[in-house]
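Below: one structure, written as structure tokens.
Chains as they are written, first to last, in this note's numbering: chain A, 864 to 1314; chain B, 101 to 782.
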């Protein structure tokens, strides 16, 4: 079994998700997403969205557990469970989870972030009961045993090798988080440490399952060709008997201290071309400034006519590629910028130019026409975000967990339309502070280079 | 009232009971299969012949316009590559807009506009539709085809071609197309340096004026737009488009070989073999066998639970994945089964492929396989309907392939009605296991003889042309004689040994950046230093002296291991051939090979520790024309000039996995027997 799960994908989905329920400028009425919600006695929150256009249904469970809920000497647990929970249950044979879904015409996937773990399957709508049964099996009594742990440890090892160690620039997130946080558990990435996974006993894994994979820490979302009443009945049938967790869910209450000095380092990696990474600490995901920061990143590197792409890639040709990604996390994420140098360009030469352009935005702001273009681009992205049932399900679940109400999906556009041209300049000044950031140079590892 | 109450209480009881007694040992049964409603496309036709399909979907305020030209496949001949430039050239400027203006205007409204030789597609938010249609129409009616843009595109194309010549999968694609369709068929021809360079702006213009005609075009509009609005905008933007006669082309249908044939491209640096077993098949969308061929493929090699994957990956571990396809096409379809496998198991993998193909045709499929494949395909069919563009594709297909109007409406019914016997009949009809093309791209020295058991092996070059026939090596020829004739060719042993050291400077350009390579060889003292500068900055250096070696990249230095020093020594001498014997290297003559059209003796030079390089010496001139080094790639030597009575190559072309494009390096400085001191090797 091979579940595709990596952080890049998570980013893509979240970026889409954030934008999705979100923005629109008043000129355009965002299509309202209708939904119904209820809670079971065991604390499971359920969101349903009916759309009968296509006979498919997406069923998802968002567990509010990510790498930040792990202990410092037991990192990688949440991501490991993403794998472990495909191992089967008391009634699902080992390794059969995926085959069953596929044999019924479905497809499935999962991902883990610093904040959450998300599982979903898309099936023909007459298989909804099966999907609910499968997810309830997973929540009620997943197989957490030595055989499964041993198998998945090998798979995760392979995944780490393929996605992080062997992939050029694959360790960027790990290396950046490590330096961007000193206190908060965001300092380790979801992939975590293989040593921690090796050191952990089976009892520890079982305890982690009992602590976090409980109905009161989960949000079940069903979107697609459904009947509300029938769906509610089936949800009750399969999920009511799952016992509520007995402990309070551990959520770290750590305030990351503000950085006052720049942290600068060199990372030698298996790459041919050097890269410059900058990371700035962000406010919590639900902070009002998140919208302006997301627009700022689009202004800097979104599309061929964006400031840095045009200036550094096209005109000066100092960079092969540049990107600004706001990794917005529940307790405050990081704004990551990276530039890959062109042949013969020194990293510090590229960095000087990146800094100059950041300074330019801080000092002069952006033009009226660029602001308008930016709104148009954002709006187009956002409108497209709810075009699939998978997207709607994820946006609803995230809205409920991260923003306190599923209806947030219908309100974000309002929040976005409040962002002004001046806000973009302001957040550039406030958050992209040169004296409180992380700067990494990625350089090729010296090898035997006899020509 | 009472009745109702009782019913209510009963229902409560029932549901409470059902909570307590969920039988978790049984999977829930599926409900009745949902009825798949496929939205119908509205159609209308303009006077100029443009056929329009409208799929209204107002879930989101977006709209897309896709224009497709339905022309016969084109054999481009000596201008192969032409059609690849048409789309970019049309977007490169119009009578009223420069390329930059077009790009900026598209970005400004957050829209997309793509152009190819047979299509234009545009999409935007509903409120920007006038703007994007204006841009689309401008590109369609008023392109100016700037000369300099074509030059830029041709250059990019040549770079891409150079890269793809060393790309095993690209080579495999060219090889099997050449065998299955033949080089004189539109699907078998390839673009070459010559054909690309022959394309002119006039050719692009001619293509545009010949084929961009409304009477062979379909326009699909999908999204927030009603038929009546569509009629309005289409009339406004497309009614003045003038019809014209478009030429038609026919081609002889390729036929399978009379017996199994093996095609091989020798790529000696390969550690994997790309295997593709293929056959032309007569299959078009809408054919009687079309739907059953989808099911057949799902069972045979469509996914990770199919037969090929289960056998070659899960059971044997030969490969990361093995797959098959049955492509359908109006002209000619193709059956293909493929995988990249470790060199050592190349023949075993072919045996398994052939075994599976025979088993499929002779024994057929099972009921269980059929049911699983049906569910799987029905699921993905259902999911595909979520995207409105699928509906537009269906409508277009019905028109283009002359399908019954309810073809897709009843697609799942037709699929579900298929029996094991139907699938088996299709397998027998489409595949002829005795007439397969077996193609392989890999290390010929390792796999050529092993492949002979499957059929006559024909050698091809990396462009899919038959490799030049190489004569057999004269039985009297030995590796020592090849080296001796090389030394004689460069000027004789006396003159060659008089060169004890050399300083060499080479210049190359990579994607607009200057690259300098400085080499210092001290053959007498077994010292060597190398420095690579990019844009004047030292990027990387390496030094070998006193039996030790070190390398540094961007200032970070590292000592070489004994194995690395051993391997490095193979390239530290200025004239290494003079030292092979004293170094105790083993030389093996591995036949005559085709080096870019020149027959050459291949000599494998191996150190006692097991490092090796391959050298190629021209049969005719005796000169060394190529070196293959597992660490640094392939180097081609040319432009030999006499220096101090010895012929030295003044030009080197380096191909390596580490650099994106082949490096053309020219010797710009050469000092023979210079003064050398310690400084040179620090």
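Ideal Cβ positions, reconstructed from N, Cα and C, are used throughout, including at glycine.
Going by DSSP, which residues form a beta bridge with residue 673 of chain B?
Paired residue(s): none; residue 673 of chain B is not in a bridge.
Residues of chain A with a CB under 7 Å from the CB of residue 637 of chain B: which are they?
Under the 7 Å cutoff, chain A gives 1207 and 1209.
If I measure Cβ to Cβ from residue 820 of chain B and keep anything under 8 Å in the same chain, skipping five residues before and after, which residues do I get?
Limits of chain B in this structure are 101 at one end and 782 at the other, which puts residue 820 of chain B out of reach.
By DSSP's criteria, residue 506 of chain B is part of a beta bridge. Which residues make up the other side?
In the DSSP secondary-structure assignment, residue 506 of chain B is not bridged to any residue.
In angstroms, rounded to a whole number, what distance separates the CA positions of residue 704 of chain B and residue 545 of chain B?
11 Å
Going straight from the alpha carbon of residue 971 of chain A to that of residue 923 of chain A, what length do you get?
Approximately 10 Å between the Cα atoms of the pair.
Residue nearest to residue 976 of chain A in terms of C-alpha spacing, selected from A/938, A/1073 and A/898
A/938
In angstroms, rounded to a whole number, what distance separates the CA positions of residue 184 of chain B and residue 216 of chain B?
Using only the alpha carbons, I get a separation of about 7 Å.
To the nearest angstrom, how far is the alpha carbon of residue 743 of chain B from that of residue 750 of chain B?
Taking the straight line joining both Cα atoms gives about 10 Å.
Does any C-beta atom of chain A lie closer than 8 Å to the C-beta of residue 411 of chain B?
no
Output, in sequence order along the chain, the residues in the stretch 181-202 of chain B whose CB is closer than 8 Å to any CB in chain A.
Along the stretch 181-202 of chain B, there is no position whose C-beta sits under 8 Å from a C-beta of chain A.
Report the three-state DSSP secondary structure of residue 179 of chain B (helix, strand or coil).
Here residue 179 of chain B sits in helix by DSSP.
Cβ of residue 918 of chain A within 8 Å of any chain B Cβ
The beta carbon of residue 918 of chain A falls within 8 Å of a beta carbon belonging to chain B, placing the residue at that interface.
Can the beta-carbon of residue 617 of chain B be found less than 8 Å from the beta-carbon of residue 628 of chain B?
No; because the gap between Cβ atoms is not below 8 Å, this pair is not in contact.
Are residue 1142 of chain A and residue 1229 of chain A touching if we call contact CB-CB under 8 Å?
no
Using a Cβ-Cβ cut-off of less than 8 Å, list which residues of the stretch 949-971 of chain A approach chain B; keep chain order.
953, 954, 962, 963, 965, 966, 967, 968, 969 and 970
Going by beta carbon distance, what residues of the same chain come within less than 6 Å of residue 288 of chain B, once the five residues before and after it are set aside?
277, 278, 281 and 282
Residue 1315 of chain A versus chain B: which residues are under 9 Å apart at the beta carbon?
Past the boundaries of the shown model lies residue 1315 of chain A; chain A is included only from 864 to 1314, so the question cannot be answered.
The alpha helix (DSSP H) spanning residue 1069 of chain A covers which residue range?
1065-1075
Measure the Cβ-Cβ separation of residue 1170 of chain A and residue 1162 of chain A and say whether it is below 8 Å.
yes
Spatial neighbours of residue 1293 of chain A within its chain, please: CB distance less than 8 Å, with the 5 preceding and 5 following residues excluded, ordered by chain position.
Closer than 8 Å at Cβ, skipping near neighbours: 1152.
Proximity test, Cβ basis, 8 Å: residue 884 of chain A and chain B:
For residue 884 of chain A, the predicted model reports a pLDDT of 29, less than 50, meaning its position is unreliable; a value from the coordinates is still stated below. Closer than 8 Å: no.
Rounded to the nearest angstrom, what separates residue 224 of chain B and residue 1252 of chain A at their Cα positions?
21 Å
Contact list for the stretch 378-410 of chain B against chain A, Cβ threshold 9 Å
So the close ones are 403, 404 and 405.
Listed from N- to C-terminal order along the chain, which residues in the stretch 1068-1090 of chain A have their beta-carbon within a distance smaller than 7 Å of any beta-carbon of chain B?
1088
I want to know whether the stretch 333-344 of chain B touches the stretch 169-182 of chain B - three or more CB-CB distances under 8 Å.
No, the stretch 333-344 of chain B does not touch the stretch 169-182 of chain B.
Short-range partners of chain B found in the stretch 978-993 of chain A, where Cβ spacing is below 9 Å
Residues of the stretch 978-993 of chain A whose Cβ lies closer than 9 Å to any Cβ of chain B, in chain order: 985, 986, 987, 988, 989, 990, 991, 992 and 993.
When Cβ atoms are compared, which residues of the stretch 1242-1257 of chain A fall closer than 8 Å to chain B?
Taken in chain order, the members of the stretch 1242-1257 of chain A whose beta-carbon sits within less than 8 Å of a beta-carbon on chain B are 1242, 1243, 1244, 1246, 1247, 1249, 1250, 1251 and 1252.
For residue 1052 of chain A and residue 1040 of chain A, I'd like the C-alpha separation in whole angstroms.
7 Å
Alpha-carbon to alpha-carbon, residue 1125 of chain A and residue 1301 of chain A
6 Å
How long is the line joining the alpha carbons of residue 113 of chain B and residue 420 of chain B, rounded to whole angstroms?
Its pLDDT being 40, under 50, residue 113 of chain B is placed unreliably by the model, and nothing is read from it.
Is there a Cβ of chain B sitting closer than 8 Å to that of residue 894 of chain A, yes or no?
yes
Would you identify the three-state DSSP class for residue 558 of chain B, choosing helix, strand or coil?
strand
Counting only beta-carbon separations shorter than 8 Å, does residue 675 of chain B have a partner in chain A?
Cβ-Cβ to chain A under 8 Å: no for residue 675 of chain B.
Please report the distance separating the alpha-carbon of residue 624 of chain B from that of residue 600 of chain B.
Going by the C-alpha atoms only, they are around 6 Å apart.
Near residue 911 of chain A, what residues of its chain come up, given a Cβ to Cβ distance below 7 Å and the 5 sequence neighbours on each side ignored?
Counting only Cβ-Cβ distances below 7 Å, and skipping sequence neighbours, we find 898, 899, 1085, 1089, 1091 and 1094.
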